[in-house]
Amino acid sequence: MTVDKARDFIELINAGAMSQAACAAAELGIADLLASGPKRVDELARASGCHAPSLHRLLRALASLDLCAEREDGAFALTALGALLRSDAPDSLRSWTMLCGKYLWPVWGKLLHSVKTGESARKLVGEAEGFTELAEDEQAALIFNRAMAELTGLIAAEVVRRCRFDGMRRIVDVGGGYGALLAAVLEAQPGARGVLLDLPHAIEGARKHLAASGLAERCEFAVGDFFESVPAGADAYLLKAVLHDWDDDRSVRILRNCRIAVPREGKLLIIERVVLPRFEACWLHHAIARMDLTMLVGFPGRERTEREFRQLLATSDFKLTKVTPTSLDYAVIEAVPC
1 MTVDKARDFI
11 ELINAGAMSQ
21 AACAAAELGI
31 ADLLASGPKR
41 VDELARASGC
51 HAPSLHRLLR
61 ALASLDLCAE
71 REDGAFALTA
81 LGALLRSDAP
91 DSLRSWTMLC
101 GKYLWPVWGK
111 LLHSVKTGES
121 ARKLVGEAEG
131 FTELAEDEQA
141 ALIFNRAMAE
151 LTGLIAAEVV
161 RRCRFDGMRR
171 IVDVGGGYGA
181 LLAAVLEAQP
191 GARGVLLDLP
201 HAIEGARKHL
211 AASGLAERCE
221 FAVGDFFESV
231 PAGADAYLLK
241 AVLHDWDDDR
251 SVRILRNCRI
261 AVPREGKLLI
271 IERVVLPRFE
281 ACWLHHAIAR
291 MDLTMLVGFP
301 GRERTEREFR
311 QLLATSDFKL
321 TKVTPTSLDY
331 AVIEAVPC
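Counting from 1, position 261 in the sequence shown corresponds to residue 261 in my numbering; the numbering is continuous, with no gaps.
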């Protein structure tokens, strides 16, 4: 083995630990503190309530990740990459960093258990399956919903660009969280109205998000459970990153509720990652595999192949008509009633 190969492998193994440095920076608000300009360690320590020498060690680690830059005068400055950790950045990924580094990190340590048993590791760390804890933990619900909105913001423009919403007057976002996807669709279709369906922990944030976008008057907010029912009579139904959270039986229950709601001429748009026939060492395959393992250790669901989506849809009286890859790790799966 060459030194370069060994170095690459060590970097791979150490990457998980360094993600904790990014998470700590996100929780401390380091990017927000540096947004106004470079600052010295003692100033940052006072503002963040940290032990200055230890914070200095963290900042050096962040500099090695290009999340900040250490200047010759000893001050630290925010980089373009580090700006993604700002809480007020339009393209912020701060909550996603905290969700992965704080809330999902404990279950990742139990991956071996999940691989050997096929069971989620959530119970091993004292957590319930699914999303029941979000109803009881306001801070966790806030981080989760913000994280989902951040990721959705990345894919929303792709969905609007690649899908036709012309002539659609009513669009339902099923399990839409804070409404980031629905907002993008409504902005692109000024004549359309939206309905956002989600649990109580998401709805208040959705109202604020749509109001900030100037779209609240064009949107209804439905508190409900997609396992029970889905608002009926819309032209299009959106399911973004919902089915991968659940096993086949519960995914079919969601889809059948959508089928009851969708009129004959309506359509269903599923935005999910699609597992490819063979995996190689590339960004796309890595992203899909990482999320699939996240589903294994933390949730009842999984990522699926196109064939598996086709089977789920057929079981639910839908016909898959089109799969459109995007420039990210998601694809848009279009389906119509059979």
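Cβ coordinates follow ideal geometry from the N, Cα and C atoms, glycine included.
Source: prediction; values computed, not measured.
State the CB to CB distance for the pair residue i and residue j, rounded to an integer number of angstroms; the pair is presumed to be in contact (CB under 8 Å).
i: aspartate 247; j: proline 190; result: Rounded, the Cβ-Cβ distance is 39 Å, inconsistent with contact.
i: glutamate 70; j: leucine 328; result: The pair is not a contact, with the Cβ atoms about 32 Å apart (cut-off 8 Å).
i: alanine 184; j: alanine 141; result: That belief does not hold up - the Cβ atoms of alanine 184 and alanine 141 are roughly 23 Å apart, past 8 Å.
i: phenylalanine 226; j: leucine 197; result: 6 Å
i: proline 200; j: valine 223; result: 5 Å
i: asparagine 145; j: tyrosine 103; result: Not quite, the Cβ-Cβ distance comes to about 12 Å (not below 8 Å), so this is no contact.
i: cysteine 258; j: leucine 269; result: About 11 Å separates the two Cβ atoms, so there is no contact after all.
i: alanine 89; j: proline 38; result: Rounded, the Cβ-Cβ distance is 18 Å, inconsistent with contact.
From the DSSP secondary-structure annotation, give me the bridge partner or partners of residue i.
i: isoleucine 271; result: Lys240, Val332
i: aspartate 225; result: None, per the DSSP bridge assignment.
i: phenylalanine 76; result: Lys39, Glu70
i: glycine 194; result: Ile171, Cys219
i: proline 277; result: Partner(s): none; proline 277 has no beta bridge.
i: proline 53; result: According to DSSP, which records beta bridges pairwise, proline 53 is partnered with nothing at all.
i: proline 325; result: Ala331
Apart from the five residues just before and just after residue i, which ones in its own chain have a Cβ nearer than 7 Å to its Cβ?
i: aspartate 66; result: Thr79, Leu81
i: leucine 124; result: Lys110, His113
i: methionine 291; result: Arg273, Glu303
Tell me the DSSP secondary structure of residue i in three-state form.
i: leucine 320; result: strand
i: lysine 123; result: helix
i: arginine 60; result: helix
i: threonine 315; result: helix
i: leucine 263; result: The sequence as given places proline at residue 263; leucine does not occur at that position. DSSP places proline 263 in coil when its eight states are reduced to three.
i: arginine 304; result: strand
i: proline 231; result: coil
i: proline 200; result: helix
Out of the options, which has the shortest C-alpha to C-alpha gap to residue i?
i: lysine 319; options: Val336, Phe309, Glu303, Leu312; result: Val336
i: alanine 24; options: Arg40, Leu58, Gly126; result: Leu58
i: isoleucine 316; options: Glu303, Val275, Ile270, Ser251; result: According to the sequence displayed, residue 316 carries serine and not isoleucine. Among Glu303, Val275, Ile270, Ser251, the Cα nearest to that of serine 316 belongs to Ser251.
i: proline 263; options: Val242, Arg170, Ala180; result: Arg170
i: glutamate 187; options: Leu215, Val3, Ala35, Arg7; result: Leu215
i: glutamate 265; options: Met148, Gly167, Gly101, Pro38; result: Gly167
i: glutamate 204; options: Gly16, Ala135, Leu239; result: Ala135
Between residue i and the rest of its own chain, which residues show a CB-CB distance below 6 Å, the 5 nearest in sequence each way excluded?
i: aspartate 245; result: Phe299, Gly301
i: alanine 357; result: Residue 357 is absent from the structure shown; the chain starts at 1 and stops at 338.
i: alanine 45; result: Ala52, Leu55
Once you ignore the five residues that flank residue i on each side, which residues in its own chain have a CB closer than 8 Å to its CB?
i: alanine 261; result: Val172, Ser229, Val230, Pro231, Ala232, Gly233, Ala234, Tyr237
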